[in-house]
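Take a look at the structure set out below.
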Amino acid sequence: MAGVGLTPNDGRWTAAQTRAQFAAIAQLRWRITVNAFRRKGGAGEMIARIITYPLFAGFAFGPTILVGIGAYYFALNGHLDHISWLLWGTFVLCQLLNINLGQPGTTFDPTQLIRFPLSLGNYVAVRLFFGLLTPANVIGSLMALAVAIGATVALPALWFYALLSLAIFAAANALFSRMVFAWVDRWLSTRRAREIFTGLIFFFSLGFQYLNFTFNPAYNHHHQTNAVSAARLNAGINFYHHALPFLAALPPGLTGSSLVAAHRGQPLAFLGFTLGCAAFAAAFFAVFALRMRTEFRGEDLSDQANAVSHKAKSPAKSIAAAPASSPAQPESRFLGLSSVTTAVLGKELLYVRRNTGIFYSLVAPVVMVFLFAGRLATHSNATWLFPAAMAYTLLGVAPLAYNSFGLEAAGSQFYFMAPVRLRDVFFAKNLMNFLLAFVEIAAVFIIITVIARMPSLLNAASGLLWAAATLLFSTTLGNRRSITAPKKITVAKMGSGKQASPLSALISMGLLMGSAGIGAGLLFLGIFFGMPWLPLPIFAVLAGVAVFVYVRSLDSIDRFALAHRDELFEELCKK
């Protein structure tokens, strides 16, 4: 940004300098993005994006096409007021995607721009632009455009009104997301607030799934539940009618009302509803700018900055004589584990207990199995229920091994300076993952036994051997990826707690899906040929091979880590 801080002779800031600042920031972002693919491992990250972006695009076009068709149907049949339903669905979907996908990570902290001669207005504009192009906001904007196109195709005379009102709705939706995330980062600056917020997300997301299974008639396949389902559906409709006046005063309702007014030839009413939605967008932007003003003045949201300082207590002076030096005592072991492994295992347990994001990813699959098991427990799929549930629970455990040092960040350097073997460190971290997997699988087994029926001994043994082989292979690969492709995790930032880099996440998911496909294929072959015992010896051999590969890999992890320590520290020690 050299040169953009110079002012003319009259001392006034010019628009040309503002444009130069924005151009410099855009050039900086572009160069950082390009250079990230040039470093070691960058090609793999590019491949991961090439594979995942089409998947995200397909996910985006699905809801977009559906709301477009829905808008066309409602407009064609004279139910423009029902378009607000589509807009509410768009709004809710965007917020859920923002929570699950998070805001886009940047390779540098945008608050570092404060040191340059940047005005508050320009800083707010830069921070706003940084977060607008999130996947959730892009999907929301595309869905709003699809609604406008669908209504226009059905009623061509509404093209201008539809485009204007839906553009303002899309802006309000995106600004609401930016406002919420800006303030959530402030609220999550303390560990207790993060625990409460994650608990609320956990409660509402799983509660939504419970309501879906309870009130959705599609999940009630038995005739005796039809009357109960109808009663529940009527109760939901009555609640909707009572809440309708309140919902009509919010942006989705205002946008739908504006289209109805335009169709009836009431331009003043259309203008009033549209200005009401624009007022919401302006209010969201004002609250966002208020948060950015505090940040612009230098507020630090780190845990260290927010920690309450306590007066240090001077240690009591001991008058006892220092004990005489004694010869070194042999190292005490707990359950055969070294002291290093025991200490790191205790630290990892604290991480799991205090990091509610990890806790959520571990508990959510078990709760979903609890919701699904009773409804899927039929005679035809009883053989598949336990293996499928076990594979689903591994989704929360397997990715943890691909970023073992993410939460420690710069503190990972201590392992290389301390007189310890990294083999013991990795073994302790892996052991925690194994224990978590064991607890989850045991919980799933108990849930299925109580709600449905106990899996057969042959089915349970085959499933456990498959899980052991899959987890060991995944952990072996994850240990290497933890060193060559780490990802710093900032728990105080909403959405920044993803457990692995894009390529590592893709590898983890691909390995788990491939292993699940092999297991399902063997299980199907055993059932088809009347040999249900067929998967058991194959999974036993695979588990033995996985143990051998894991032990050999663990023995060479010290040399591998020393050879790639620069890659590890480059990512974890950056600001």
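Mapping the sequence shown onto numbering that gives the first Met the number 0, position 541 (from 1) lands on 540, and the numbers just tick up by one.
For each residue, glycine too, the CB sits at the ideal point set by N, CA and C.
Treat the numbers as computed from the prediction; the structure is a model and nothing was measured.
**Request:** Measure the beta-carbon distance from A169 to A74 and round it to whole angstroms, keeping in mind my assumption that it falls under 8 Å.
**Result:** Contact doesn't hold; Cβ gap of about 18 Å is too wide.
**Request:** List the endpoints of the continuous alpha helix (DSSP H) containing Q412.
**Result:** Q412 to M416
**Request:** Determine the DSSP secondary structure at L344, reduced to helix, strand or coil.
**Result:** helix
**Item:** C-alpha distance - G120 paired with R28, whole-angstrom precision
**Value:** 20 Å
**Request:** Would you kindly check if the distance between the Cβ of F269 and the Cβ of A281 is under 8 Å?
**Result:** no
**Prompt:** Which runs of the alpha helix (DSSP H) spanning at least 4 residues fall entirely within the stretch 98–179, listed in chain order?
**Reply:** 119–131 and 134–153
**Asked** Is L249 closer than 8 Å to F272 when the C-beta atoms are compared?
**Response** no
**Request:** Assuming Q20 contacts L117 (C-beta within less than 8 Å), just tell me the rounded distance between them.
**Result:** 7 Å
**Prompt:** Ends of the alpha helix (DSSP H) at C276?
**Reply:** P266 to F295
**Request:** Note down the Cα distance separating L127 from R177, rounded to an integer number of angstroms.
**Result:** 7 Å
**Asked** The alpha helix (DSSP H) spanning V449 covers which residue range?
**Response** L421 to I450
**Message:** Quick check: what's the CA-CA separation for V91 versus Y160?
**Reply:** 24 Å
**Prompt:** For the stretch 384–391 against the stretch 428–445, are there 3 or more C-beta pairs whose distance is under 8 Å?
**Reply:** yes
**Request:** Note the first and the last residue of the continuous alpha helix (DSSP H) segment covering H262.
**Result:** P250 to H262
**Asked** When the distance is taken between beta carbons, is S403 closer than 8 Å to N478?
**Response** In this structure, N478 places its C-beta atom within 8 Å of the C-beta atom of S403.
**Prompt:** Do the CB positions of V368 and Y391 come within less than 8 Å of each other?
**Reply:** yes
**Test item: CB-CB of L96 and A135 under 8 Å** = yes
**Item:** Own chain, CB closer than 6 Å to A247, minus 5 neighbours either side, in chain order
**Value:** Closer than 6 Å at Cβ, skipping near neighbours: no residue.
**Message:** Taking the straight line between their C-alpha atoms, what separation do you get for A278 and T17?
**Reply:** 27 Å
**Prompt:** Buried or exposed: where does N76 fall if 16 or more other Cβ atoms within 10 Å of its Cβ makes it buried?
**Reply:** exposed
**Prompt:** What is the rounded straight-line gap between the Cα of G518 and the Cα of F437?
**Reply:** 19 Å
**Message:** If you reduce the DSSP assignment to three classes, tell me which class C93 lands in.
**Reply:** In the structure shown, C93 sits in a helix (DSSP, three-state: H, G or I).
**Assumed close pair N354, L406 - CB separation to whole angstroms, cut-off 8 Å** = So it is a contact: roughly 7 Å between Cβ atoms.
**Prompt:** Straight-line CA distance for L561 to V146?
**Reply:** Within the model, the alpha-carbon separation for L561 versus V146 is close to 55 Å.
**Request:** Return the residue from the list V419, L471 and A409 that minimises the CA-CA distance to L430.
**Result:** L471
**Prompt:** Using the beta-carbon count (16 or more within 10 Å), is R480 buried or exposed?
**Reply:** buried
**Message:** When you compare the CB positions of C572 and A417, do they come within less than 8 Å of one another, or not?
**Reply:** C572 places its beta carbon 8 Å or farther from that of A417.
**Request:** Kindly indicate the opening and closing residues of the alpha helix (DSSP H) around W12.
**Result:** Here W12 belongs to no alpha helix (DSSP H), and DSSP marks it neither H nor E.
**Prompt:** Roughly how far, in whole angstroms, is the beta-carbon of V125 from the beta-carbon of T89, given that I think they are within contact range, below 8 Å?
**Reply:** Contact doesn't hold; Cβ gap of about 27 Å is too wide.
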